[in-house]
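Counting from 1, one number per residue, gives the positions in the sequence shown under this note's numbering. Note sheet for the following structure.
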Amino acid sequence: MTKPIALLLGVHAHQPVGNFSEVLHDAHRRCYKPYLETLHRFPEFPFAVHFSGWLLDWLLKHYPEDMALLRDMVKRGQAELFGAGDTEPVLAVIPYRDRVGQLQTLSAKLEKNLGQRPQGAWLTERVWEATVVPALMDAGIRYVTVDDYHFLCAGKTSEELDGYFTTEEDGRQLDLFPISEALRYRFPFSPAHEAVAYLEGMADGGHEAAIYFDDIEKFGIWPETYEWVYEKKWLEDFIKGVLASPKIKPMRYCDFHAAAKTHGIVYLPTTSYIEMNEWSLPAEQANAYADLVQHNKHSGQFEQNKAFLRGGIWKNFLTRYPEANWMHKRMLGLSQRLEALPKAKRTPEMIDLLYQAQANDAYWHGLFGGSYLPHLRRAVFNAIVGLEGLLDRCDPRPAVICADFNLDGKEELFLQNGLLQAIVILDGLAAIGELDAYALNHNFGDTLRRQNEHYYRKIHLQDQQSGHAATGIASAHDRVSFKHEIGPQDLTLDHRPRALFLDTFQPSGGPLLELDDYLPGEGGARVAVFSTPTCAVEKSIELAGNRIAVVYRFGAKSAGIFSTEINLAMPSCDGPAGKFIYKGDIPGGFGQALEIDGLREIFLDDDVLGGSLKLIASKPVRFSASPYFSVSQSEAGFEKIMQAVTLTLQWIVPQIKSEVRIELEIDGKP
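Quick look at the structure:
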C-alpha cells in the first residue's frame, strides 16, 4: 500500500500597520471569518495559521467571536499557531535586539490570547538571510518555512524537498521546511478534485510530506476567490477530498516535526521568492530578468535552470527607492537612540512605536502597492516622528545636526525646535526632504518620486490578456488589468526628488534655470547660496514655534521670474476630507487643480491630519496647486495613487535687491 503523504497546510494572515479600517473589515468578511468557520466545521483537519500581531490585535478587538473559534481549534489540537515579528518586519533588516523583541512580543501575545506559544515562525516575504538564525533560536523558535526555491538555489533537487532540513549559524540550529511552489500555484486556483489528485500523485511517488504555507488572502480577497473558495465551496470540497483520501494525512507542523527526522544539513543563500527577486531589481534589469525567465519557460528549460535565475535580493529595495532607504535609516537611528536610553526611561509606548516603524509593507513594492501607498508610509512616519518626540523629551538633541544619515554620500542638515523639524538635503537643491510636526506625528515631506518601474512595459504594451486557464481561476500574478485610465503624462519620470521648496529661476529674456547648484551657506539660518551672472540668491530656513520660514534674498542683478515648488503629503490625498480655504471660501479639494493670482495666504485643511497648514507669503505671489499621482499595481490592476499636493509659488524679481519670505504655519486653524 502507498504510505500516506503528510499534508502540512498553513496560511499567513497579515494587514499592514495603518491600513484602512474598511479594508480590514472587508478582509474579515471575505476571508478571515469564512476560512475559520469552514475549518472549525472539520475538527479532524489540522492546519497551521499565522496572524501578524497588529492584525491579531485588531481582530481580537473587533471580532472576538472569530478569535474564539481559533482559540477552540488550538485547544482541541487542530490549529497550530506560527509566530513572526509582531509588526511583520523583515527580520534581516532590523537589529538583532529588535528581532528578538519582535518575535517574543508576538509569541507572548499568542500564548496569552489564544493559548499556545509557537514553535514555528513565518518569515516575512520569505526573506532569508542566515544572520536571522540566532535571533529566531534565542526567541524560542525551532523551525521556519521558506520557499523550495531557496533550497534549489542551494543545490537541492525537487525530489528531496518532502521534509525539513537543519541549518546552523553562530552555534544555533534551526530547522527549515521548504514550501512547495507547485502547491502555492494550485491552492486554491485549480479545482479542488485536481488539487487532491495532485497530492495523491505525490503520495504515489513516495513523497513523505506536501508542504504548503501561503497568504490566506488568496482564499477570499484576491479577485474571484471569494466566490470560488466559499460560494462554490472550493475549500470545503478540498477538505472533504483530503479527509476521504487514504493517501493523504493532514498534520500540524509541530506533530510532523516531532515524529520525523531531519533530511540533513543545508545552507541557504540570501534570497526570497522568485517574484520578489524580480521586483527588487531596477526596471531595466527586472525586464531583462523577466525576459530570461520567459525564454526559459517557452523553451522548456525553466525548471532545469530556475535555481540559477536568482534576480535581486530584498535589500535592493533600499537602493531602488531613496525614500525607503531614508525611512529605514531613520528607523535604525531611533532604534539605536532607544537602546542607548537608560532602561528606567524606556517605556512600552516607545518600544511599540519602534516596532511599528519596522513594519515591512512601506519599504518595498511589487505586485502590491507597498511603498507606493501613502497611508502605509504615513503609518511608519507617524511612528518615527512619535518615537523621536518621546526620545527628545528624555534625551534632548541639539537644535542643529549635520551628518550623512542615509549613507548616500550627501549630508543632511537637521533643524529642530521641539515642535517642528526640517531636514535639508545638502545635495545642491537645498530643498527640504522631511518636515515633521511633532504635535501631529506627521511628516509633510513624505512623498515618492516617480521613477521607472518594470510593469510600465506592460502598460505601454496594453496587454489585456487575462491569463485564465481552461479550468479554475487565474492567480493575481498572471493578470493584466487597469483599474484607472493611465496616460503618458502619468508615466513621466521625475528628474528631481518630490521635496519642499524646489527652486526655479527664469532671468528676463533668458532660459529657465532649475536651481540645482546651491552651495551650503555659513552660520546662522543661512543654508545655501546660488550665484550666476543672471541670478544671485541666498536661501535661509528658520524655525520659530510652529512656523517654518524659507527666506529668499536676491541680488541686484537677479531680474526675472522666480518660482518654488512645495510637495506636501496631506493624509486625505484626493479624498473629501482635504480642502483649500481661501478668504473664508473653499475653492476646491487637494485632488483638484487651483490657480490664484496675488495670493498672500491660504489654508490647507485636512480632517485626517487633525489640523491644518497655513501658507503665508510676504508679497503677493501667483499660486497654483495640482495633485501629484504615481502609477502602481495591485491585485485589482494598474492604478493611479495621489502622493502629494504640489504647490507652485511664482513671483517677479525686480532688478534691485529684494527679499521674499514664505512661511508654513503648522496646525493653524482657519
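Beta carbons: idealized from backbone N, C-alpha and C, even for Gly.
Based on DSSP bridge pairs, tell me the residues matched to residue i.
i	result
H50	H12
L60	DSSP lists no partner for L60.
A135	According to DSSP, which records beta bridges pairwise, A135 is partnered with nothing at all.
W651	F562
G578	D606
T532	C535
P507	G560
K640	V631
H442	A437
T145	W122, F177
Q416	Q421
N567	T646
M327	For M327, which the question treats as bridged, DSSP gives no partner whatsoever.
K315	Bridge partners of K315: none, in fact.
C402	L413
L513	F505
F165	L176
R553	E538, E659
I216	Its beta-bridge partners do not exist; DSSP assigns none.
In or out: residue i buried (at least 16 other Cβ within 10 Å) or exposed?
i	result
H62	exposed
I473	Below a pLDDT of 50, predicted positions are generally treated as unreliable, and I473, at 43, falls in that range; no measurement from the model is reported.
Y456	buried
T167	buried
V11	buried
P533	exposed
Y321	buried
D463	For D463, the predicted structure reports a pLDDT of 45, less than 50, and the residue's modelled location is therefore unreliable. A value from the coordinates is still provided. When all chains shown are included, D463 counts as exposed.
P316	One point to set straight first is that residue 316 is Asn, not Pro, in the sequence displayed. Looking at its Cβ environment, which holds 16 or more other Cβ atoms inside 10 Å, N316 is buried.
Q294	exposed
Q119	buried
A556	exposed
L493	exposed
D361	buried
E298	At residue 298 the sequence reads His, which differs from the Glu that was named. Label assigned to H298: exposed.
L9	buried
L136	buried
By alpha-carbon positions, which one of the options ends up nearest to residue i?
i	options	result
L7	H257, H460, R310	H257
Y253	L281, A286, K240, Y212	Y212
W122	N113, G115, L114, S107	S107
S558	A577, G575, V537, I586	V537
E684	E412, G418, E453	The structure shown has nothing for residue 684, since the chain only spans 1 to 670.
I274	D147, V266, A362, Q304	D147
Q592	M642, R600, K619	M642
S618	R553, R99, R346	R553
I351	S626, N287, L390	L390
G560	F638, N406, L114, P511	P511
Y32	S634, A13, L292, F47	A13
K233	S190, D214, S634, D215	S190
D606	V621, G598, C573, D585	C573
G53	H28, Q356, P95, T270	Q356
C394	V424, G445, P342	P342
P520	V424, T447, S508	V424
G206	H40, K3, Y267, F590	K3
G611	F580, Q633, A625	F580
K657	D597, V645, C535, G575	C535
Under 8 Å between the Cβ atoms of residue i and residue j?
i	j	result
S671	A422	It is not possible to answer for residue 671, since the shown part of the chain is limited to 1 through 670.
V550	F501	yes
Y230	P34	yes
H442	V385	yes
P677	L376	Examination of residue 677 is not possible in this model, given that the chain is present from 1 through 670 alone.
L56	K109	yes
A195	F187	yes
V631	D404	no
D98	S280	no
I5	E208	yes
A399	N417	yes
P497	R449	yes
A383	L420	no
A84	H28	no
Run the proximity test for residue i: is its beta-carbon closer than 7 Å to any non-hydrogen atom belonging to the ligand FMN?
i	result
N19	As far as ligands go, the structure on display features none, and thus does not contain the ligand FMN.
Check your understanding: Does the segment 237 to 250 come close enough to the segment 193 to 212 to have 3 or more Cβ pairs within less than 8 Å?
Key -> A contact exists between the segment 237 to 250 and the segment 193 to 212.
Review point. For the 8 Å Cβ check, are there 3 or more pairs between the segment 177 to 185 and the segment 132 to 141?
Key: Verdict: no, contact absent.
Check your understanding: Would you call the segment 341 to 357 and the segment 301 to 315 touching, i.e. three or more CB-CB distances under 8 Å?
Key -> Fewer than three beta-carbon pairs drawn from the segment 341 to 357 and the segment 301 to 315 are found closer than 8 Å, and the two stretches are therefore not classed as touching.
**Study point:** the segment 496 to 516 / the segment 425 to 439 touching (three or more Cβ pairs under 8 Å)
**Key:** Counting Cβ pairs under 8 Å, three or more are found: they touch.
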